[in-house]
Amino acid sequence: MKSSIRWIVAVNLVLGMVSAQTGLGQTEPRLVAEEFLEKLSQVAERSLRPPEALDFPPHQARFVRIAILETSGSSQPGIDELEIYGPDSSENLALAQRGSVASASSVLPGYPIHQIQHLNDGRYGNDYSWIAAAREDQWVQIELPEAAEVARVIITRDRTGRYTDRIPEAFEVLVSQDGRQWQSVARRDRTGAHRARRLPYLPVDRLPEPSWDGFLHYTFLRERATWSSIPADDHLSPLVTDRSAVPGGEPYWGRLARLVPLERVMVLFEELTDRLVAKGLDV
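Taken in order, the sequence shown gives residues 185 to 467; the numbers are from my numbering.
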């Protein structure tokens, strides 16, 4: 089995090296480790800017709800802070210390660090976040102490930038005066640009080190870069039109394209193992 995997890695490596040729004018090669540290600093800088701010015409409301329509990967959505602002105001109306109350459709059981009250406690990061108990039909909500004019919401998965999973990629903002009658005031759809924002991948035209571990690392980078370049608005994209892997089979590529890189690699390895077992190989 090890020799089979090494053969697959070697083939992927050769294909990746061929496809990565960029012609003349290339800069002096650098270690991937050096570029990784540089990229980390850039990601940290970008993470300080609220990535999920959504503005809309001012509305009078006592209740503000975020209906989560799509989440990155295959996990439940997570939010470390839900913020609400009025027009031309820097005061976060959603804070619990102002008397606002957070609620949600569900909460992941058994994890004290992932509670509903973290939605508006004013603290950022995964350790002070809410995670839903399910992936579909989830929402978070803030009840203000009194009706106010609202014109902007900000939601973040992990403002520190450490975690990039569970991101609400498409969501709708609804407001209400009584918590029963709701009005939709804004909506963010999932776009190719939004997917690219959270995938600041390293260059993949060089090996991290001349070893089998280096080859494997390089192959993962090639796989990740290829999948992340799939546009979300092209009619041929599996993100738009799902297709089967074999003629007449079940839809396949859409689910695979929506997985985060590590999940996708594990699924592909599991499927490869199943095919080898079906051929009588002991894996």
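Beta carbons are placed, not taken as given, at the ideal position from N, Cα and C, and that holds for glycine.
Do you know how far the Cα of VAL444 is from the Cα of THR410? 13 Å
Distance, Cα to Cα, SER313 vs SER368? 25 Å
First through last residue of the alpha helix (DSSP H) which encompasses PRO471: Within the shown structure, residues of the chain are numbered from 185 to 467, placing residue 471 beyond reach of any answer.
Do GLY294 and GLU327 count as a contact pair if the criterion is CB distance below 8 Å? no
Using the rule of at least 16 other Cβ atoms within 10 Å of the residue's Cβ for burial, across every protein chain shown, is ASP397 buried or exposed? exposed
Kindly give me the distance between the Cβ atoms of GLY257 and GLU447, rounded to whole angstroms, as I take these residues to be in contact under 8 Å. 6 Å
Nonlocal neighbours in the same chain, by C-beta distance under 8 Å from TRP323, ignoring five residues either side: ARG249, ILE250, ALA251, ILE252, ALA288 and SER289
CB-CB under 8 Å to ASP239, same chain, minus the five flanking residues each way: which ones, in chain order? ALA335, ARG336 and ALA370
Considering Cα atoms alone, identify which of ALA429, GLY432 and VAL357 is closest to ILE338. VAL357
What number of angstroms, rounded off, separates the C-alpha of VAL285 from the C-alpha of GLN244? 17 Å
Thinking C-alpha only, which one of ALA237, ALA318, PRO296 and LEU266 is nearest SER259? ALA318
Could you tell me whether the Cβ atoms of ASP264 and ARG341 are closer together than 8 Å? yes
Since I believe GLN325 is in contact with PHE247 (beta carbons under 8 Å), could you give me their beta-carbon distance rounded to a whole number of angstroms? 6 Å
Identify every run of the beta strand (DSSP E) within the stretch 319 to 354, keeping only runs that are complete inside it and at least 3 residues long; order them along the chain. 322 to 340
Helix, strand or coil at ALA288 [DSSP, three-state]: strand
Contact check, ASN304 vs LEU279, beta carbons under 8 Å: yes
Can you tell me whether GLN281 is helix, strand or coil according to DSSP? helix
The beta strand (DSSP E) enclosing ARG371, as first and last residue numbers: 367 to 372
Terminal residues of the beta strand (DSSP E) in which LEU238 lies: 237 to 255
Once the 5 residues before and after ILE438 are set aside, which same chain residues still bring their CB inside 7 Å of it? Reading off the sequence shown, one finds Gly at residue 438, where the question assumed Ile. So the list reads PRO422, LEU423 and ASP426, once near-sequence residues are dropped.
Between the C-alpha atoms of GLU320 and SER395, what's the straight-line distance to the nearest angstrom? 43 Å
Roughly how many whole angstroms lie between the Cα atoms of VAL449 and ILE315? 24 Å
Per-residue DSSP class, three states only, for TYR295: coil
Within this structure, are the beta carbons of GLY432 and ALA332 separated by less than 8 Å? no
Between which two residues does the beta strand (DSSP E) carrying LEU266 extend? 265 to 269
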